[in-house]
Amino acid sequence: MQNEQKRFESLCIHDQNKEYTTLPHQLPIYATSSFEFSSIDEGIDIFSGNKEGHVYSRYGNPTIDTVAAKIASLESFGTDTDSFALLTSSGMSAISTLSIALFEPGDALLTQENLYGGTTELFEKILKRYGVEVYYADLGNKSELESKIKKYKNIKGIYIESPTNPTLACVDLEIIAKIAIENKVHTIIDNTFPTPYLQRPFSFGIDFIIHSTTKYLNGHGNSISGIIIARSSEHKNEIWKAQKLLGTNCNAFDAWLLNNGLKTLQLRMDRHCQNAMALAKFLNAHNKITTVHYLGLQDNPYHELAKRQMSDFGGMLSFEIDGNLEDARNFMNKIKFCTLAPTLGDVDTLVVHPASMSHLNIPKEIRERNGISDTLVRISVGIENINDIIEDITQALR
Ligand SMILES: *Cc1c(COP(=O)(O)O)cnc(C)c1O
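To convert, count from 1 in the sequence shown and add 31; that's our numbering.
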């Protein structure tokens with residue numbers, strides 16, 4: 032552009048030197064809604080998919096796509112899948128976008144009762160309104176699973192969480208995937224709790240993985256985002272179309288924050304696991320604690336299964352205080368060093384009282400059937416010095 036010939040206000044608007052510089056060392060944040068075409072022909076080629084390129088950030092954006100591809104490579108690590116991924120605006124939007132892409136009115140979904148609360152609500156209050164039936168089963172019970180699939184011929188997908196929130200119940204992914212493949216049913220797992228570092232569902236034959244990347248993958252609690260990862264590119268067009276039309280894309284800044292977090296995923300997870308194991312052992316020996324749910328404890332009912340399908344036991348645990356609701360409330364109010372915050376997977380230790388916080392909207396009967404008593408406390412064990420965490424819990428229990 033010849034600057035001399037342009038008027039003042041035009042100079043304010045048009046950027047000079049669009050080629051900028053050499054490659055940036057770090058991923059740039061592409062804060063742009065659209066992308067330029069050098070010619071009408073290039074525009075047509077990119078729009079029609081004949082040429083790689085970006086068009087409009089709701090359809091895809093270099094920052095967002097780079098981070099999606101990184102997480103896809105983590106989930107397919109060690110497998111020979113041609114996976115693809117889309118970052119979404121939240122974990123919930125990953126679940127809703129994928130559900131809308133895969134299911135039609137008349138189809139049914141088979142799932143478990145102890146899902147993340149928002150997921151159950153999405154299925155019950157939204158999906159059902161659009162004619163998708165939802166059935167529940169103990170997915171850890173092979174014969175129950177098989178009989179439900181036989182009974183309801185319209186089941187098109189099995190939706191799994193393992194380990195679950197907040198009692199860390201696990202199901203056998205290999206068995207479920209095998210039954211699903213035999214019956215031509217999709218399998219979807221929420222892999223938020225273990226992350227691909229500790230559990231890689233594609234290696235067991237699961238078809239789709241979703242994450243709330245808000246949690247461990249970001250790890251620093253400073254963005255909301257989610258991801259859909261498909262084992263094969265077979266459904267790429269349907270899922271991408273659903274995201275494009277629903278507008279559930281992530282934004283470049285949150286994707287960039289997520290990318291920063293991902294760089295230390297392995298280091299953080301190792302420390303989360305190490306601290307959680309130490310805290311679980313401490314709690315297990317404490318006289319004011321009746322039950323500790325941690326997969327790493329030898330007597331945990333899911334210990335052997337977790338050992339088989341996960342590479343370590345994770346950073347989440349929960350425990351029951353010997354007492355009543357009032358005692359649990361007192362404990363929560365005495366916490367000083369750790370944080371009472373309704374999220375998980377951050378670098379600092381987070382404490383939640385599920386019965387009055389995350390699971391408030393779940394009927395008491397269902398809550399108790401899934402081990403969420405009035406005195407159950409959930410801890411997302413952070414990566415601080417373990418002694419500071421234990422000291423805080425000790426004084427609060429006192
Ligand atoms: C937080 C969470 C979600 C929802 O994710 P958002 O990013 O908050 O939308 C879904 N599943 C699990 C297991 C979660 O912890």
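Glycine is no exception: its CB is placed at the ideal position from the N, C-alpha and C atoms.
With a threshold of 6 angstroms on Cβ separation, who are the neighbours of residue i within its own chain once the five nearest residues in sequence on each side are excluded?
{"i": "alanine 427", "result": "Phe362, Lys365 and Ile366"}
{"i": "leucine 356", "result": "Asp405"}
{"i": "threonine 195", "result": "Asn145"}
{"i": "leucine 407", "result": "Ser349, Glu351 and Pro385"}
DSSP state of residue i, grouped into three classes?
{"i": "valine 383", "result": "strand"}
{"i": "serine 41", "result": "helix"}
{"i": "threonine 142", "result": "strand"}
{"i": "alanine 372", "result": "coil"}
{"i": "isoleucine 366", "result": "coil"}
{"i": "arginine 89", "result": "coil"}
{"i": "valine 165", "result": "strand"}
{"i": "arginine 231", "result": "coil"}
{"i": "leucine 248", "result": "coil"}
{"i": "histidine 324", "result": "strand"}
{"i": "threonine 97", "result": "helix"}
{"i": "leucine 273", "result": "In the sequence under discussion, the amino acid at residue 273 is alanine, which differs from the leucine named in the question. Helix at alanine 273."}
{"i": "glutamate 351", "result": "strand"}
{"i": "serine 411", "result": "strand"}
{"i": "alanine 427", "result": "helix"}
{"i": "serine 65", "result": "strand"}
{"i": "asparagine 268", "result": "helix"}
{"i": "isoleucine 258", "result": "strand"}
{"i": "glutamate 50", "result": "coil"}
{"i": "asparagine 280", "result": "strand"}
{"i": "threonine 406", "result": "coil"}
{"i": "alanine 103", "result": "helix"}
{"i": "methionine 32", "result": "Residue confidence is low: methionine 32 scores 47 on pLDDT, short of 50, so the model does not pin down where it sits. No coordinate-derived value is stated."}
{"i": "asparagine 418", "result": "helix"}
{"i": "aspartate 111", "result": "coil"}
Whose C-beta lies closer than 7 angstroms to the C-beta of residue i among residues of the same chain, with five residues either side of it excluded?
{"i": "lysine 159", "result": "Val165"}
{"i": "proline 232", "result": "Leu204, Ile220, Asn222 and Ile240"}
{"i": "glycine 137", "result": "Gly162 and Asn185"}
{"i": "histidine 390", "result": "Gly148, Arg398 and Ile403"}
{"i": "threonine 321", "result": "Glu351 and Asp353"}
{"i": "threonine 226", "result": "Tyr247, Leu248, Leu296 and Met300"}
{"i": "glycine 91", "result": "His85"}
{"i": "methionine 32", "result": "Residue placement at methionine 32 is poorly supported in this model, since its pLDDT is 47, which falls under 50; the coordinates are not used for a value here."}
{"i": "asparagine 21", "result": "Because the chain spans 32 through 429 in this model, residue 21 falls outside it and cannot be assessed."}
Which residues mark the beginning and the end of the alpha helix (DSSP H) in which residue i is found?
{"i": "methionine 308", "result": "296-315"}
{"i": "serine 127", "result": "122-133"}
{"i": "glycine 74", "result": "71-78"}
{"i": "glycine 148", "result": "148-153"}
{"i": "phenylalanine 284", "result": "283-293"}
{"i": "isoleucine 60", "result": "Run containing isoleucine 60: none; DSSP gives neither H nor E here."}
{"i": "leucine 176", "result": "173-182"}
{"i": "alanine 337", "result": "334-340"}
{"i": "isoleucine 157", "result": "Taken as a continuous stretch (DSSP letters only), isoleucine 157 belongs to no alpha helix (DSSP H), as it is neither H nor E."}
{"i": "glutamate 399", "result": "395-400"}
At which residues does the beta strand (DSSP E) containing residue i begin and terminate?
{"i": "serine 243", "result": "239-243"}
{"i": "glutamate 213", "result": "Segment 204-213 is the alpha helix (DSSP H) holding glutamate 213; no beta strand (DSSP E) there."}
{"i": "histidine 217", "result": "217-221"}
{"i": "lysine 187", "result": "186-192"}
{"i": "threonine 119", "result": "115-119"}
CB-CB under 8 angstroms to residue i, same chain, minus the five flanking residues each way: which ones, in chain order?
{"i": "glycine 257", "result": "Leu118, Thr119, Ser120, Ser121, Gly122, Met123, Ser124, Ala125, Ile126, Ile241, His242, Ser243, Thr244, Thr245 and Cys281"}
{"i": "cysteine 369", "result": "Asp379, Thr380, Leu381, Val382, Ile410, Gly413, Ile420, Asp423 and Ile424"}
{"i": "lysine 179", "result": "Leu141, Tyr166, Ala168 and Ile186"}
{"i": "asparagine 392", "result": "Gly148 and Glu152"}
{"i": "alanine 62", "result": "Ala283 and Phe284"}
{"i": "alanine 316", "result": "none"}
{"i": "arginine 400", "result": "Glu144"}
What do you reckon, are the CB atoms on residue i and residue j nearer than 8 angstroms?
{"i": "proline 197", "j": "serine 387", "result": "no"}
{"i": "asparagine 249", "j": "leucine 289", "result": "yes"}
{"i": "isoleucine 417", "j": "leucine 310", "result": "yes"}
{"i": "histidine 85", "j": "phenylalanine 66", "result": "yes"}
{"i": "isoleucine 255", "j": "leucine 129", "result": "no"}
{"i": "leucine 170", "j": "glutamine 143", "result": "yes"}
{"i": "alanine 200", "j": "tyrosine 333", "result": "yes"}
{"i": "phenylalanine 224", "j": "glycine 345", "result": "yes"}
{"i": "tryptophan 287", "j": "leucine 58", "result": "yes"}
{"i": "glutamine 230", "j": "glutamine 305", "result": "no"}
Closest Cβ-Cβ distance between residue i and chain D: below 8 angstroms?
{"i": "alanine 286", "result": "Among the chains of the structure shown, chain D does not appear; only one protein chain is present."}
Measuring from the CB of residue i, is there a heavy atom of ligand 2 at a distance below 7 angstroms?
{"i": "methionine 123", "result": "The model depicted lacks ligand 2 and carries ligand 1 instead."}
Counting pairs of beta carbons, one from the region 368-379 and one from the region 320-331, are three or more of them closer than 8 angstroms?
no
Tell me whether the region 269-282 and the region 206-216 touch, counting them as touching only if at least three CB pairs, one residue from each stretch, are closer than 8 angstroms.
No, because fewer than three Cβ pairs between the region 269-282 and the region 206-216 fall closer than 8 angstroms, the two stretches do not touch.
For the 8 angstroms Cβ check, are there 3 or more pairs between the region 253-272 and the region 87-107?
yes
Assess contact between the region 285-302 and the region 84-100, defined as three or more Cβ pairs (one per stretch) separated by less than 8 angstroms. Is contact present?
yes
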